[in-house]
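In this note's numbering, the protein residues as written are -16 to 66.
Where a beta carbon is used, it is the ideal one built from N, C-alpha and C, also for glycine.
Accompanying notes for the structure given below.
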Amino acid sequence: PIKKYENSSIRNMKDVDTELSLLQIRVDNFERVIENQMKVLFDVANNIVAANIHRQNNFNQSNETMDTQNCLVINNLLFSKDK
-16 PIKKYENSSI RNMKDVDTEL SLLQIRVDNF ERVIENQMKV LFDVANNIVA ANIHRQNNFN
44 QSNETMDTQN CLVINNLLFS KDK
């Protein structure tokens, strides 16, 4: 859950430094979250690529005609339209 942060009143440079330090901590945490999510997205993308390469190799070996109504080819990757 995202916490709501409230800024206290700034009275001097020490308060500014404190607020900047807290902001840096929040930014660092946000960067870690984004980095972790990007790793997950790259893993999913790599799994899709591997599955599509395997599927395309199987299709090429089977010498069967592809039903263009059920598959979509984008940049040599196969994506099924079936749900």
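Linking N35 to V27 through their CA atoms gives a straight-line distance of about 12 Å. Taken through DSSP and simplified to helix, strand or coil, N40 comes out as helix. Judged by DSSP in its simplified three-state form, R9 adopts helix. T1 and H37 have their C-alpha atoms spaced approximately 54 Å apart.
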